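In the working numbering, the protein residues as written are 83 to 613.
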(Lines of atoms letter the chains of each structure in order from A; the text may use other names.)
(Lines give C-alpha, C1' and ligand atoms only; values in the text may rest on other atoms or scores of the structure.)
Protein backbone atom coordinates (compact mmCIF):
# COMPACT_ATOMS: atom_id res chain seq x y z
CA UNK A 83 0.00 0.00 0.00
CA UNK A 84 1.33 3.45 -0.94
CA UNK A 85 2.34 5.75 1.91
CA UNK A 86 -0.10 8.56 2.72
CA UNK A 87 0.86 11.91 1.15
CA UNK A 88 0.80 15.15 3.15
CA UNK A 89 1.18 18.67 1.79
CA UNK A 90 2.59 21.36 4.08
CA UNK A 91 1.54 24.62 2.41
CA UNK A 92 2.63 27.04 5.16
CA UNK A 93 5.81 27.57 7.14
CA UNK A 94 6.32 24.70 9.62
CA UNK A 95 9.53 23.81 11.38
CA UNK A 96 11.98 21.34 9.90
CA UNK A 97 11.41 19.14 12.94
CA UNK A 98 7.72 18.80 12.01
CA UNK A 99 8.65 17.82 8.46
CA UNK A 100 11.01 15.22 9.86
CA UNK A 101 8.27 13.74 12.07
CA UNK A 102 6.19 13.01 8.98
CA UNK A 103 9.18 11.41 7.28
CA UNK A 104 10.13 9.34 10.32
CA UNK A 105 6.57 8.01 10.56
CA UNK A 106 6.63 6.85 6.93
CA UNK A 107 4.52 9.69 5.51
CA UNK A 108 5.31 10.98 2.02
CA UNK A 109 5.57 14.70 2.86
CA UNK A 110 5.74 17.59 0.39
CA UNK A 111 7.00 20.78 2.06
CA UNK A 112 5.96 23.84 0.01
CA UNK A 113 5.74 26.65 2.59
CA UNK A 114 4.65 29.36 0.14
CA UNK A 115 2.09 27.34 -1.81
CA UNK A 116 -0.79 28.31 0.48
CA UNK A 117 -0.47 31.96 -0.53
CA UNK A 118 -1.36 31.09 -4.14
CA UNK A 119 -4.91 29.74 -4.20
CA UNK A 120 -4.69 28.69 -7.86
CA UNK A 121 -1.56 26.61 -7.36
CA UNK A 122 -3.06 25.09 -4.21
CA UNK A 123 -6.26 24.24 -6.09
CA UNK A 124 -4.26 22.41 -8.75
CA UNK A 125 -2.10 20.52 -6.26
CA UNK A 126 -4.58 19.50 -3.56
CA UNK A 127 -6.21 16.48 -5.33
CA UNK A 128 -2.98 14.51 -4.91
CA UNK A 129 -2.82 14.59 -1.09
CA UNK A 130 -4.31 12.68 1.84
CA UNK A 131 -3.42 15.37 4.37
CA UNK A 132 -2.96 19.14 4.45
CA UNK A 133 -0.90 20.80 7.20
CA UNK A 134 -1.32 24.57 7.48
CA UNK A 135 -0.98 27.66 9.65
CA UNK A 136 -3.02 30.78 8.98
CA UNK A 137 -1.79 31.77 5.49
CA UNK A 138 -3.49 28.89 3.66
CA UNK A 139 -7.23 29.31 3.17
CA UNK A 140 -8.96 25.94 2.97
CA UNK A 141 -12.07 27.28 1.25
CA UNK A 142 -15.05 25.33 -0.01
CA UNK A 143 -13.57 25.45 -3.52
CA UNK A 144 -10.26 23.99 -2.32
CA UNK A 145 -12.05 21.30 -0.29
CA UNK A 146 -14.27 20.30 -3.20
CA UNK A 147 -11.15 19.82 -5.32
CA UNK A 148 -9.46 17.74 -2.60
CA UNK A 149 -10.83 14.41 -3.76
CA UNK A 150 -8.34 12.32 -1.74
CA UNK A 151 -8.04 14.55 1.31
CA UNK A 152 -8.76 12.90 4.66
CA UNK A 153 -7.44 15.38 7.22
CA UNK A 154 -6.58 19.06 7.56
CA UNK A 155 -4.25 19.90 10.43
CA UNK A 156 -3.98 23.48 11.71
CA UNK A 157 -0.81 24.25 13.63
CA UNK A 158 -2.49 26.54 16.15
CA UNK A 159 -5.89 27.07 17.73
CA UNK A 160 -7.81 29.23 15.28
CA UNK A 161 -9.49 27.54 12.32
CA UNK A 162 -11.23 30.56 10.80
CA UNK A 163 -9.25 29.91 7.60
CA UNK A 164 -10.88 26.48 7.15
CA UNK A 165 -14.42 25.95 5.85
CA UNK A 166 -15.31 23.36 8.50
CA UNK A 167 -18.83 22.81 7.19
CA UNK A 168 -17.53 22.00 3.72
CA UNK A 169 -14.85 19.76 5.22
CA UNK A 170 -17.40 17.88 7.32
CA UNK A 171 -19.68 17.31 4.35
CA UNK A 172 -16.68 16.01 2.40
CA UNK A 173 -15.76 13.67 5.25
CA UNK A 174 -12.49 15.47 6.00
CA UNK A 175 -11.33 15.67 9.61
CA UNK A 176 -10.29 19.13 10.79
CA UNK A 177 -7.72 19.11 13.60
CA UNK A 178 -6.13 21.95 15.53
CA UNK A 179 -3.51 22.11 18.29
CA UNK A 180 -5.20 23.84 21.21
CA UNK A 181 -2.53 23.16 23.81
CA UNK A 182 0.73 24.02 22.07
CA UNK A 183 0.46 27.78 22.60
CA UNK A 184 -1.57 28.04 25.79
CA UNK A 185 1.27 29.30 27.98
CA UNK A 186 2.49 31.71 25.31
CA UNK A 187 -0.94 33.28 24.84
CA UNK A 188 -1.54 33.48 28.60
CA UNK A 189 1.85 35.13 29.12
CA UNK A 190 1.04 37.66 26.39
CA UNK A 191 -2.19 38.59 28.17
CA UNK A 192 -0.27 39.12 31.42
CA UNK A 193 2.37 41.16 29.56
CA UNK A 194 -0.36 43.31 27.99
CA UNK A 195 -1.87 43.83 31.43
CA UNK A 196 1.45 45.12 32.74
CA UNK A 197 1.92 47.26 29.64
CA UNK A 198 -1.43 49.03 29.99
CA UNK A 199 -1.13 49.32 33.79
CA UNK A 200 2.20 51.16 33.51
CA UNK A 201 1.72 52.75 30.05
CA UNK A 202 4.98 51.12 28.98
CA UNK A 203 4.68 51.51 25.16
CA UNK A 204 3.89 55.23 25.35
CA UNK A 205 6.58 55.85 27.94
CA UNK A 206 9.08 53.99 25.78
CA UNK A 207 8.17 55.98 22.65
CA UNK A 208 8.41 59.24 24.60
CA UNK A 209 11.82 58.38 25.98
CA UNK A 210 13.10 57.28 22.56
CA UNK A 211 12.00 60.69 21.28
CA UNK A 212 14.37 62.39 23.74
CA UNK A 213 11.67 63.48 26.16
CA UNK A 214 11.76 62.84 29.88
CA UNK A 215 8.08 62.88 30.82
CA UNK A 216 8.35 61.08 34.13
CA UNK A 217 5.29 62.73 35.68
CA UNK A 218 3.11 62.06 32.60
CA UNK A 219 3.10 58.30 32.89
CA UNK A 220 1.54 57.58 36.26
CA UNK A 221 0.58 53.90 36.43
CA UNK A 222 -1.22 51.54 38.78
CA UNK A 223 -0.11 48.41 40.59
CA UNK A 224 -1.52 44.99 39.86
CA UNK A 225 -1.07 43.80 43.43
CA UNK A 226 -4.38 43.79 45.27
CA UNK A 227 -6.40 44.64 42.18
CA UNK A 228 -9.36 42.51 41.05
CA UNK A 229 -8.94 40.69 37.75
CA UNK A 230 -12.09 39.57 35.95
CA UNK A 231 -11.44 36.62 33.65
CA UNK A 232 -14.10 35.95 31.02
CA UNK A 233 -13.54 32.32 30.06
CA UNK A 234 -11.63 30.13 32.53
CA UNK A 235 -10.68 27.28 30.22
CA UNK A 236 -7.18 26.23 29.22
CA UNK A 237 -5.65 29.66 28.59
CA UNK A 238 -7.93 31.54 30.99
CA UNK A 239 -7.01 29.06 33.71
CA UNK A 240 -3.30 29.78 33.24
CA UNK A 241 -3.99 33.52 33.39
CA UNK A 242 -5.87 32.98 36.67
CA UNK A 243 -2.89 31.09 38.09
CA UNK A 244 -0.39 33.75 37.01
CA UNK A 245 -2.58 36.54 38.35
CA UNK A 246 -2.79 34.91 41.76
CA UNK A 247 1.01 34.80 41.73
CA UNK A 248 0.89 38.58 41.29
CA UNK A 249 -1.31 38.84 44.42
CA UNK A 250 -4.39 39.83 42.42
CA UNK A 251 -7.90 38.89 43.45
CA UNK A 252 -9.38 36.78 40.66
CA UNK A 253 -13.02 36.34 39.70
CA UNK A 254 -14.12 34.31 36.71
CA UNK A 255 -17.20 34.18 34.51
CA UNK A 256 -17.57 30.91 32.65
CA UNK A 257 -20.89 29.03 32.29
CA UNK A 258 -18.98 25.73 32.25
CA UNK A 259 -16.94 26.43 35.39
CA UNK A 260 -18.25 24.45 38.37
CA UNK A 261 -18.03 25.63 41.95
CA UNK A 262 -15.70 22.77 42.87
CA UNK A 263 -13.32 23.54 39.98
CA UNK A 264 -13.41 27.26 40.82
CA UNK A 265 -12.46 26.48 44.42
CA UNK A 266 -9.64 24.23 43.19
CA UNK A 267 -8.38 27.10 41.00
CA UNK A 268 -8.66 29.56 43.87
CA UNK A 269 -10.97 31.93 41.99
CA UNK A 270 -14.41 33.32 42.70
CA UNK A 271 -17.06 32.11 40.23
CA UNK A 272 -19.41 34.99 39.35
CA UNK A 273 -22.02 36.01 36.83
CA UNK A 274 -21.01 38.43 34.09
CA UNK A 275 -22.71 41.48 35.60
CA UNK A 276 -20.89 41.00 38.93
CA UNK A 277 -17.58 40.71 37.13
CA UNK A 278 -18.23 43.85 35.10
CA UNK A 279 -19.15 45.87 38.18
CA UNK A 280 -16.16 44.86 40.30
CA UNK A 281 -13.13 44.12 38.10
CA UNK A 282 -10.23 46.58 37.89
CA UNK A 283 -8.87 44.62 34.93
CA UNK A 284 -10.87 42.44 32.52
CA UNK A 285 -9.25 39.86 30.25
CA UNK A 286 -11.09 37.73 27.70
CA UNK A 287 -10.30 34.09 26.93
CA UNK A 288 -13.32 32.67 25.07
CA UNK A 289 -13.76 31.56 21.44
CA UNK A 290 -15.77 33.66 19.04
CA UNK A 291 -19.28 32.18 18.79
CA UNK A 292 -22.83 33.44 18.42
CA UNK A 293 -23.00 33.51 22.22
CA UNK A 294 -19.72 35.39 22.78
CA UNK A 295 -19.86 37.86 19.88
CA UNK A 296 -19.70 41.36 21.37
CA UNK A 297 -19.83 39.96 24.89
CA UNK A 298 -18.42 43.35 25.86
CA UNK A 299 -21.09 45.30 24.03
CA UNK A 300 -21.81 49.01 24.49
CA UNK A 301 -24.33 48.09 27.20
CA UNK A 302 -21.91 45.79 29.03
CA UNK A 303 -19.02 48.24 28.79
CA UNK A 304 -21.30 50.79 30.47
CA UNK A 305 -21.75 48.33 33.36
CA UNK A 306 -18.01 48.14 34.05
CA UNK A 307 -16.29 49.78 37.00
CA UNK A 308 -15.02 53.31 36.23
CA UNK A 309 -11.29 53.16 35.54
CA UNK A 310 -11.30 49.57 34.34
CA UNK A 311 -8.61 48.34 31.93
CA UNK A 312 -9.61 45.78 29.29
CA UNK A 313 -7.31 43.18 27.69
CA UNK A 314 -8.23 41.02 24.69
CA UNK A 315 -5.76 38.41 23.46
CA UNK A 316 -8.45 35.88 22.50
CA UNK A 317 -10.48 36.67 19.38
CA UNK A 318 -11.55 39.78 17.52
CA UNK A 319 -15.25 40.55 17.69
CA UNK A 320 -15.60 39.82 21.41
CA UNK A 321 -15.56 43.56 22.16
CA UNK A 322 -17.47 46.37 20.46
CA UNK A 323 -14.42 48.38 19.41
CA UNK A 324 -16.43 51.52 18.58
CA UNK A 325 -18.11 51.48 21.99
CA UNK A 326 -14.81 50.83 23.74
CA UNK A 327 -13.19 53.76 21.93
CA UNK A 328 -15.96 56.05 23.14
CA UNK A 329 -15.57 54.75 26.70
CA UNK A 330 -11.81 55.38 26.52
CA UNK A 331 -12.35 58.93 25.25
CA UNK A 332 -14.86 59.66 28.02
CA UNK A 333 -12.50 58.33 30.68
CA UNK A 334 -14.84 55.59 31.86
CA UNK A 335 -12.31 53.00 30.68
CA UNK A 336 -8.76 53.89 31.76
CA UNK A 337 -6.93 51.76 29.22
CA UNK A 338 -7.06 48.82 26.84
CA UNK A 339 -4.63 46.29 25.42
CA UNK A 340 -5.63 44.43 22.25
CA UNK A 341 -3.81 41.71 20.33
CA UNK A 342 -6.82 40.76 18.19
CA UNK A 343 -9.30 42.78 16.18
CA UNK A 344 -12.68 42.38 14.51
CA UNK A 345 -11.05 42.73 11.09
CA UNK A 346 -7.56 41.36 10.51
CA UNK A 347 -5.08 42.31 9.29
CA UNK A 348 -6.07 45.44 11.24
CA UNK A 349 -4.82 48.41 9.25
CA UNK A 350 -7.39 50.69 10.85
CA UNK A 351 -9.35 50.49 14.10
CA UNK A 352 -11.30 52.86 16.36
CA UNK A 353 -8.75 51.96 19.04
CA UNK A 354 -5.69 53.09 17.10
CA UNK A 355 -3.87 56.24 18.29
CA UNK A 356 -5.89 56.59 21.49
CA UNK A 357 -3.94 57.33 24.69
CA UNK A 358 -3.14 54.32 26.88
CA UNK A 359 -4.20 51.77 24.29
CA UNK A 360 -1.64 49.04 23.57
CA UNK A 361 -2.01 47.23 20.25
CA UNK A 362 -0.07 44.26 18.92
CA UNK A 363 -0.57 42.35 15.62
CA UNK A 364 -2.02 39.05 16.88
CA UNK A 365 1.14 37.96 18.66
CA UNK A 366 -0.50 35.73 21.27
CA UNK A 367 1.09 32.57 19.92
CA UNK A 368 4.16 34.22 18.45
CA UNK A 369 7.02 32.74 20.42
CA UNK A 370 9.67 30.37 19.18
CA UNK A 371 8.57 27.72 21.67
CA UNK A 372 4.87 27.92 20.77
CA UNK A 373 5.45 27.82 17.02
CA UNK A 374 7.66 24.76 17.43
CA UNK A 375 5.21 23.06 19.79
CA UNK A 376 2.14 23.42 17.56
CA UNK A 377 4.10 22.33 14.47
CA UNK A 378 5.32 19.17 16.16
CA UNK A 379 1.88 18.49 17.61
CA UNK A 380 0.05 18.78 14.30
CA UNK A 381 2.60 16.49 12.60
CA UNK A 382 2.12 13.84 15.29
CA UNK A 383 -1.69 14.10 15.22
CA UNK A 384 -1.95 13.88 11.44
CA UNK A 385 0.50 10.97 11.28
CA UNK A 386 -1.41 9.10 13.98
CA UNK A 387 -4.67 9.48 12.08
CA UNK A 388 -3.35 8.57 8.66
CA UNK A 389 -1.44 5.53 9.95
CA UNK A 390 -3.52 4.19 12.86
CA UNK A 391 -6.91 5.93 12.74
CA UNK A 392 -6.30 7.70 16.07
CA UNK A 393 -8.07 11.07 16.19
CA UNK A 394 -6.85 13.91 18.44
CA UNK A 395 -8.18 17.45 18.80
CA UNK A 396 -10.62 17.08 15.91
CA UNK A 397 -13.26 19.79 15.63
CA UNK A 398 -15.74 17.75 13.59
CA UNK A 399 -15.30 14.17 14.85
CA UNK A 400 -15.04 12.45 18.25
CA UNK A 401 -11.45 11.96 19.36
CA UNK A 402 -10.17 8.38 19.45
CA UNK A 403 -6.79 7.72 21.04
CA UNK A 404 -4.30 5.26 19.57
CA UNK A 405 -5.07 2.87 22.45
CA UNK A 406 -8.82 3.23 21.88
CA UNK A 407 -8.35 2.69 18.15
CA UNK A 408 -6.74 -0.71 18.82
CA UNK A 409 -9.50 -1.86 21.18
CA UNK A 410 -12.40 -0.16 19.47
CA UNK A 411 -11.46 -1.03 15.89
CA UNK A 412 -13.64 -4.17 15.76
CA UNK A 413 -16.48 -2.36 17.56
CA UNK A 414 -16.34 0.60 15.18
CA UNK A 415 -16.42 -1.88 12.28
CA UNK A 416 -19.38 -3.67 13.89
CA UNK A 417 -21.24 -0.38 14.40
CA UNK A 418 -20.69 0.49 10.75
CA UNK A 419 -21.99 -2.93 9.66
CA UNK A 420 -25.11 -2.58 11.85
CA UNK A 421 -25.85 0.82 10.38
CA UNK A 422 -25.11 -0.41 6.89
CA UNK A 423 -27.54 -3.31 7.28
CA UNK A 424 -30.27 -1.03 8.62
CA UNK A 425 -29.76 1.43 5.77
CA UNK A 426 -29.76 -1.18 3.05
CA UNK A 427 -32.91 -3.01 4.16
CA UNK A 428 -34.94 0.15 4.92
CA UNK A 429 -36.68 1.58 1.88
CA UNK A 430 -38.71 4.32 3.60
CA UNK A 431 -37.22 7.64 4.77
CA UNK A 432 -35.66 7.22 8.22
CA UNK A 433 -36.79 9.77 10.79
CA UNK A 434 -34.98 8.48 13.90
CA UNK A 435 -32.01 6.31 14.86
CA UNK A 436 -31.92 4.82 18.36
CA UNK A 437 -28.73 3.09 19.52
CA UNK A 438 -28.36 0.90 22.62
CA UNK A 439 -24.89 0.14 24.01
CA UNK A 440 -24.78 -2.83 26.37
CA UNK A 441 -22.07 -4.04 28.75
CA UNK A 442 -18.55 -3.77 27.39
CA UNK A 443 -19.70 -1.57 24.52
CA UNK A 444 -21.20 0.98 26.94
CA UNK A 445 -17.75 1.73 28.42
CA UNK A 446 -16.25 2.74 25.07
CA UNK A 447 -16.12 6.03 23.20
CA UNK A 448 -19.82 6.22 22.38
CA UNK A 449 -19.52 9.30 20.18
CA UNK A 450 -17.21 7.40 17.85
CA UNK A 451 -19.42 4.30 17.80
CA UNK A 452 -22.50 6.45 17.18
CA UNK A 453 -20.77 8.21 14.28
CA UNK A 454 -19.90 4.81 12.80
CA UNK A 455 -23.54 3.64 13.02
CA UNK A 456 -24.82 6.81 11.34
CA UNK A 457 -22.14 6.55 8.65
CA UNK A 458 -23.21 2.98 7.90
CA UNK A 459 -26.84 4.02 7.53
CA UNK A 460 -26.07 7.08 5.41
CA UNK A 461 -23.95 5.11 2.94
CA UNK A 462 -27.13 4.12 1.14
CA UNK A 463 -27.69 7.82 0.42
CA UNK A 464 -24.05 8.55 -0.35
CA UNK A 465 -21.45 5.75 -0.64
CA UNK A 466 -18.67 8.24 0.19
CA UNK A 467 -20.17 9.01 3.62
CA UNK A 468 -17.83 8.50 6.57
CA UNK A 469 -17.78 9.11 10.32
CA UNK A 470 -17.13 12.82 9.80
CA UNK A 471 -19.76 13.62 7.20
CA UNK A 472 -22.53 11.26 8.35
CA UNK A 473 -23.74 13.23 11.41
CA UNK A 474 -23.91 16.35 9.23
CA UNK A 475 -25.99 14.56 6.60
CA UNK A 476 -28.30 13.09 9.25
CA UNK A 477 -28.82 16.51 10.81
CA UNK A 478 -29.54 18.09 7.43
CA UNK A 479 -32.19 15.43 6.83
CA UNK A 480 -33.80 16.05 10.21
CA UNK A 481 -33.03 12.56 11.53
CA UNK A 482 -33.16 12.37 15.33
CA UNK A 483 -30.34 10.35 16.90
CA UNK A 484 -30.55 9.04 20.47
CA UNK A 485 -28.25 6.78 22.47
CA UNK A 486 -28.73 4.67 25.60
CA UNK A 487 -26.22 2.62 27.56
CA UNK A 488 -26.81 -0.17 30.06
CA UNK A 489 -24.94 -2.72 32.15
CA UNK A 490 -24.41 -6.21 30.74
CA UNK A 491 -27.84 -7.77 30.36
CA UNK A 492 -27.34 -11.06 28.52
CA UNK A 493 -24.96 -13.82 27.60
CA UNK A 494 -22.63 -11.53 25.66
CA UNK A 495 -20.04 -9.32 27.35
CA UNK A 496 -21.46 -6.46 25.36
CA UNK A 497 -23.40 -5.63 22.24
CA UNK A 498 -24.72 -2.75 20.15
CA UNK A 499 -28.36 -2.59 19.03
CA UNK A 500 -29.53 -0.20 16.33
CA UNK A 501 -33.17 0.64 15.74
CA UNK A 502 -34.28 2.77 12.80
CA UNK A 503 -37.70 4.40 12.84
CA UNK A 504 -39.75 5.37 9.80
CA UNK A 505 -43.37 6.48 9.44
CA UNK A 506 -44.27 2.89 8.59
CA UNK A 507 -42.21 0.75 10.95
CA UNK A 508 -39.32 0.18 13.34
CA UNK A 509 -36.49 -2.20 12.47
CA UNK A 510 -33.71 -3.30 14.82
CA UNK A 511 -30.46 -5.21 14.49
CA UNK A 512 -27.90 -6.08 17.14
CA UNK A 513 -24.33 -7.31 16.99
CA UNK A 514 -21.30 -8.08 19.07
CA UNK A 515 -17.59 -8.73 18.69
CA UNK A 516 -16.45 -12.30 19.43
CA UNK A 517 -13.17 -13.19 21.08
CA UNK A 518 -11.57 -13.64 17.66
CA UNK A 519 -12.13 -9.92 17.04
CA UNK A 520 -14.70 -10.55 14.31
CA UNK A 521 -18.07 -8.74 14.36
CA UNK A 522 -21.23 -10.87 14.28
CA UNK A 523 -24.91 -10.10 13.87
CA UNK A 524 -26.72 -11.64 16.84
CA UNK A 525 -30.28 -10.41 16.44
CA UNK A 526 -32.49 -9.06 13.65
CA UNK A 527 -36.06 -7.90 14.27
CA UNK A 528 -35.91 -9.51 17.71
CA UNK A 529 -34.91 -12.90 16.25
CA UNK A 530 -31.68 -14.38 17.60
CA UNK A 531 -29.08 -15.45 15.05
CA UNK A 532 -25.30 -15.88 14.76
CA UNK A 533 -24.30 -14.46 11.38
CA UNK A 534 -20.76 -13.99 10.16
CA UNK A 535 -20.44 -10.82 8.07
CA UNK A 536 -19.02 -11.01 4.56
CA UNK A 537 -18.64 -8.65 1.65
CA UNK A 538 -21.64 -10.07 -0.21
CA UNK A 539 -24.72 -11.25 1.69
CA UNK A 540 -28.31 -12.19 1.06
CA UNK A 541 -31.05 -11.40 3.57
CA UNK A 542 -34.53 -12.93 3.39
CA UNK A 543 -37.65 -12.94 5.55
CA UNK A 544 -40.40 -15.50 5.39
CA UNK A 545 -43.02 -17.37 7.36
CA UNK A 546 -41.47 -20.39 9.08
CA UNK A 547 -42.53 -23.21 6.73
CA UNK A 548 -40.70 -26.26 5.33
CA UNK A 549 -38.72 -25.89 2.12
CA UNK A 550 -36.97 -22.56 2.76
CA UNK A 551 -33.48 -23.98 3.20
CA UNK A 552 -33.85 -26.19 0.17
CA UNK A 553 -35.20 -23.38 -1.98
CA UNK A 554 -32.36 -21.06 -1.07
CA UNK A 555 -29.66 -23.68 -1.58
CA UNK A 556 -31.02 -25.11 -4.81
CA UNK A 557 -31.81 -21.75 -6.42
CA UNK A 558 -28.43 -20.20 -5.63
CA UNK A 559 -26.66 -23.39 -6.65
CA UNK A 560 -28.50 -23.41 -9.96
CA UNK A 561 -27.18 -19.89 -10.59
CA UNK A 562 -23.61 -20.81 -9.62
CA UNK A 563 -23.63 -18.80 -6.36
CA UNK A 564 -21.45 -20.40 -3.67
CA UNK A 565 -22.62 -20.08 -0.05
CA UNK A 566 -19.84 -19.47 2.51
CA UNK A 567 -22.07 -19.29 5.58
CA UNK A 568 -25.78 -19.90 6.15
CA UNK A 569 -27.64 -18.63 9.26
CA UNK A 570 -31.32 -19.09 10.10
CA UNK A 571 -33.50 -17.75 12.89
CA UNK A 572 -37.16 -17.66 13.82
CA UNK A 573 -39.38 -16.02 16.42
CA UNK A 574 -41.36 -19.24 17.00
CA UNK A 575 -42.47 -22.32 15.08
CA UNK A 576 -44.60 -21.40 12.08
CA UNK A 577 -44.05 -17.68 12.81
CA UNK A 578 -41.63 -15.08 11.43
CA UNK A 579 -38.27 -16.40 10.17
CA UNK A 580 -35.15 -14.88 8.64
CA UNK A 581 -32.08 -16.10 6.78
CA UNK A 582 -28.64 -14.48 6.39
CA UNK A 583 -26.37 -15.96 3.75
CA UNK A 584 -22.73 -15.01 3.29
CA UNK A 585 -21.95 -15.72 -0.39
CA UNK A 586 -18.76 -15.58 -2.42
CA UNK A 587 -20.06 -13.21 -5.07
CA UNK A 588 -23.04 -10.91 -5.67
CA UNK A 589 -26.31 -12.75 -6.21
CA UNK A 590 -27.35 -12.14 -9.85
CA UNK A 591 -30.70 -10.61 -10.72
CA UNK A 592 -32.04 -13.80 -12.32
CA UNK A 593 -31.36 -15.74 -9.11
CA UNK A 594 -33.23 -13.10 -7.09
CA UNK A 595 -36.15 -13.35 -9.49
CA UNK A 596 -36.18 -17.13 -9.21
CA UNK A 597 -36.33 -16.85 -5.40
CA UNK A 598 -39.16 -14.29 -5.63
CA UNK A 599 -41.09 -16.53 -8.03
CA UNK A 600 -41.25 -19.29 -5.39
CA UNK A 601 -43.64 -17.12 -3.38
CA UNK A 602 -41.96 -18.26 -0.15
CA UNK A 603 -40.24 -15.00 0.75
CA UNK A 604 -41.64 -11.73 2.07
CA UNK A 605 -38.40 -9.79 1.58
CA UNK A 606 -35.28 -10.57 -0.44
CA UNK A 607 -32.35 -8.16 -0.17
CA UNK A 608 -28.80 -8.38 -1.47
CA UNK A 609 -26.37 -6.63 0.87
CA UNK A 610 -22.82 -5.41 0.50
CA UNK A 611 -20.41 -4.67 3.38
CA UNK A 612 -16.93 -3.22 3.52
CA UNK A 613 -14.99 -5.93 5.31
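Backbone N, C-alpha and C define an ideal beta-carbon position, used for all residues, glycine too. Since this is a predicted model, take the numbers as computed values, not measurements.
| Taking DSSP as the reference, what is the three-state secondary structure of residue 253? | The answer is strand: DSSP assigns residue 253 an E or B state.
| said: For a quick check, are the C-beta atoms of residue 538 and residue 500 less than 8 Å apart? | reply: With respect to the 8 Å criterion, residue 538 and residue 500 are not classified as neighbours on the basis of their beta carbons.
| request: Compare the Cα-Cα distances from residue 509 to each of 516, 515, 525, 334 and report the closest residue. | output: For the residues 516, 515, 525, 334, the minimum Cα distance to residue 509 belongs to 525.
| So, using beta-carbon positions, are residue 318 and residue 277 closer together than 8 Å? | Going by C-beta atoms, residue 318 is not nearer than 8 Å to residue 277.
| field | Nearest candidate by alpha-carbon position, reference residue 599, set 536, 553, 410 | value | Nearest option by C-alpha distance: 553.
| said: I want to know whether the segment 206-215 touches the segment 252-271 - three or more CB-CB distances under 8 Å. | reply: Taking 8 Å as the limit for Cβ pairs, the verdict is that the segment 252-271 does not touch the segment 206-215.
| Does the segment 344-352 come within contact of the segment 316-333, defined as at least 3 CB pairs closer than 8 Å? | Segments in contact, yes.
| task | Check whether the Cβ of residue 499 lies closer than 7 Å to any heavy atom of the ligand NAP, and answer yes or no. | result | Only the bare structure without any ligand can be found here, which leaves the ligand NAP out of the picture.
| task | With DSSP collapsed to three states, give me the class of residue 541. | result | Note: residue 541 maps to strand in three-state DSSP.
| task | Between the Cα of residue 472 and those of 399, 195, 503, 448, spot the shortest distance and give me the residue it belongs to. | result | Selected option, being the one with the closest Cα: 399.
| query | From the DSSP output, which residues share a beta bridge with residue 525? | reply | 512, 530.
| message | Quick test of your reading: residue 495 and residue 442, contact by CB under 8 Å. State the CB separation rounded to the nearest angstrom. | response | Right, the Cβ-Cβ distance comes to about 5 Å (below 8 Å), so this counts as a contact.
| field | Environment of residue 190 [buried if 16+ CB atoms lie within 10 Å] | value | So residue 190 counts as buried.
| message | I'd like to confirm the pairing. Which residues does DSSP put opposite residue 482 in its beta bridges? | response | In the DSSP assignment, residue 482 is bridged to 434.
| Beta-carbon contacts of residue 198 that lie in its chain and below 6 Å, excluding the five residues immediately before and after | Cβ neighbours of residue 198 within its own chain (closer than 6 Å, five residues either side excluded): 311, 337, 339, 360.
| message | At 3 residues or longer, what runs of the beta strand (DSSP E) sit wholly inside the segment 163-203? | response | You should have 175-177.
| query | Count the other CB atoms within 10 Å of the CB of residue 518; is the residue buried (16 or more) or exposed (fewer)? | reply | Exposed is the call here.
| message | According to DSSP, residue 303 sits in a beta bridge with which residue or residues? | response | BP columns for residue 303 are empty, so no partner.
| Going by other Cβ atoms of all chains shown within 10 Å of its Cβ, with 16 needed for buried, is residue 614 buried or exposed? | Not covered by the structure: residue 614. The range shown for the chain is 83 to 613.
| Where does residue 355 land, buried or exposed, given buried means 16+ other C-beta within 10 angstroms? | Label assigned to residue 355: exposed.
| said: Given a cut-off of 8 Å on the beta-carbon distance, is the pair residue 498 and residue 447 in contact? | reply: No, the pair does not count as a contact, with Cβ atoms beyond the cut-off.
| query | To which residues does DSSP link residue 554 through a beta bridge? | reply | DSSP links residue 554 through a beta bridge to no other residue.
| residue 497 - containing beta strand (DSSP E), residue span | Here the beta strand (DSSP E) through residue 497 covers 496-504.
| Inter-stretch contact at 8 Å, needing at least 3 Cβ pairs: the segment 386-400 / the segment 214-234 | Because the criterion of three Cβ pairs below 8 Å is not met, the segment 386-400 and the segment 214-234 do not touch.
| Going by the beta-carbon positions, is the gap between residue 187 and residue 367 smaller than 8 Å? | Their beta carbons are under 8 Å apart, which means residue 187 touches residue 367 by this criterion.
| field | Buried/exposed call for residue 335, threshold 16 Cβ in 10 Å | value | The residue in question, residue 335, is buried, as its Cβ has 16 or more Cβ neighbours within 10 Å.
| message | For a test of the three-state rule: what should DSSP assign to residue 370, helix, strand or coil? | response | Assignment of residue 370 by DSSP, reduced to helix, strand and coil, places it in the helix class.
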